[in-house]
Amino acid sequence: MTISASMYRRADQVAFTVNAHLPEEYQAEILTEQLRAAKEVLAPRGLARRKVLVVGGAGYIGSVLTGKLLDAGYQVRCSDLLLYRNGVTVTPYLNHADYQFMKGDLADPAHLEKAFDGITDVVILAGLVGDPITKKYPEASGRINDDGILRLIDACNGRRLNRVIFVSTCSNYGLIPEDATADENFELTPLSLYAKSKVAAEQKLMALKGKVDYQPTVLRFATAFGLSPRMRFDLTVGEFTRAMFRAEDLLVYDAHTWRPYCHLKDFSEVIRRVIEAPPERVAFEVFNAGGDVNNATKQTIVDTIKAFLPAAPVRYQAHGADPRNYRVNFAKIKRVLHFEPAMTVRDGVAELLGALNQGLFSDVEVNKPFYGNYELAYP
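Taken in order, the sequence shown gives residues 1 to 379; the numbers are from full-length UniProt numbering.
Next comes the structure, spelled out in structure tokens:
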């Protein structure tokens, strides 16, 4: 099977235009990988371009990732159950020729078959995200985060997929010593139902080597921040920034605990790079997704916002309900994928304040379930 001229042009574009900012020798690797994928994945199936299935693509991260992939020339199919009545997040893309939305449940085999049709790559973002929502809905968490995700992992086999990317969490590290930073080999001590489900899925994927016809990659995401069509204000940077902008009585627990943070644009960039990377760099690999520049304490987040809003009131209290405290090492993703974040926490605070100053997100109190993972439309 030969590679058409259009496929070669697409491979050249990915290697040298989309990735023009990367080292030349790595661009050459990407070109080789794109040509391999064109010959082995696209041509035998009569496809001209890769089509990415984003499972959970209407959420906080997925709705930003969708735009990133479309801009990079990919076809995108979004599968989402719209558990937070968040259908509005897909409407900007519905008229895009390379976008398709399919509402459906992971538990429905018929939906999965339709969702997988013609797909070359899969990104698994789906699930109940965070400790509060999984604690509030433990049965739904088990059905979606455990049974549903494990069923989806099994369903990926036998479809000649080029990439399967599972989005996990740095929360898997739990509580670590103050003087330590967690790399990908650090012991996993998940403290929440959410993180325990992620660890179980990771372990299942890593045990599939030699047993399936796809090569998964696990990305342990830092705590997300940034603007999104499905904006969330139940995550630290967004929550603190909005509260301080509104001069609310913000109470910060355990201000000196550490977390890693990462902007949605940077998460989307990481996923794109994994899709395009040579398999020897990413197959059956785990990466912490983020950057050292955004390891921060809650106090650092407050101080960053205070630089914009010096009069904002903040109170502090020790011994909150969330004991997690971890700094993360991002050397591997920098070395292997040449990734470093383009956006800092300060950048994220500035862009959110810009939106708030324009009167956006004025309906948060009356539409709270949309703006955070507080309750489900279909428990």
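Don't be surprised by glycine CBs; every beta carbon is placed ideally from N, CA and C.
Residue(s) in a DSSP beta bridge with residue i
i	result
ASP121	VAL52 and ARG163
THR297	TRP258
PHE267	DSSP lists no partner for PHE267.
ASP80	LYS103
VAL314	LEU250
THR217	ILE165 and GLU285
PHE225	HIS263
Residue i classed as buried or exposed, judged by whether at least 16 other C-beta atoms fall within 10 angstroms
i	result
ASN295	buried
ALA207	exposed
GLN75	buried
THR32	exposed
ALA311	exposed
PRO44	exposed
residue 414	Residue 414 falls outside the range modelled here, since the chain spans only 1 to 379, and no answer is possible.
ARG50	buried
ASN185	exposed
PRO260	buried
ARG151	exposed
THR217	buried
SER362	exposed
SER4	exposed
GLY210	exposed
ASN19	buried
ASP249	exposed
Closest Cα partner of residue i within the set the options
i	options	result
LEU70	LEU81, VAL54 and LEU83	VAL54
LYS332	SER362, LEU191 and ALA289	ALA289
GLY67	GLY226, ALA247, HIS96 and ILE165	HIS96
ASN145	LEU161, LEU128 and ASN157	LEU128
GLY130	ASP105, CYS170 and GLY104	CYS170
ARG41	ALA72, MET7 and ASP12	In the sequence under discussion, the amino acid at residue 41 is Val, which differs from the Arg named in the question. For the residues ALA72, MET7 and ASP12, the minimum Cα distance to VAL41 belongs to MET7.
HIS319	LEU47, ASP254 and TYR137	ASP254
GLY359	THR134, PRO177, TYR93 and PHE245	PHE245
THR304	GLY238, SER197, ALA321 and ALA110	GLY238
THR89	GLY62, GLY73 and ALA72	GLY62
VAL199	ASN325, GLY348, VAL274 and ILE149	ILE149
PHE225	ILE30, GLU351, ASP154 and GLU280	GLU351
GLY142	LEU47, SER192 and TYR173	SER192
TRP258	ALA140, TYR173, GLN13 and PRO23	TYR173
Length of the line joining the Cα atoms of residue i and residue j
i	j	result
VAL212	THR91	35 Å
GLU276	TYR316	45 Å
ASN329	HIS256	18 Å
ALA113	GLY104	According to the sequence displayed, residue 113 carries Glu and not Ala. Computed Cα separation, rounded: 11 Å.
ASP108	TYR214	22 Å
ASP121	ARG160	9 Å
residue 387	ASP183	Any property of residue 387 remains undetermined from this structure, which presents the chain solely from 1 to 379.
ASP98	ASN86	21 Å
PHE308	ARG242	12 Å
MET343	LEU264	9 Å
PHE166	LEU219	6 Å
GLN299	THR223	16 Å
PHE116	CYS262	29 Å
VAL52	ALA38	15 Å
ARG278	ILE271	The sequence given here has Pro at residue 278, not Arg. The straight-line gap from Cα to Cα measures roughly 13 Å.
CYS156	LEU125	14 Å
LEU94	VAL123	19 Å
VAL252	GLY46	55 Å
PRO229	VAL349	17 Å
Closer than 6 Å: residue i CB and nearest the ligand ZN heavy atom
i	result
THR181	Of the ligands one can find in the structure shown there are none, so the ligand ZN has no counterpart to examine.
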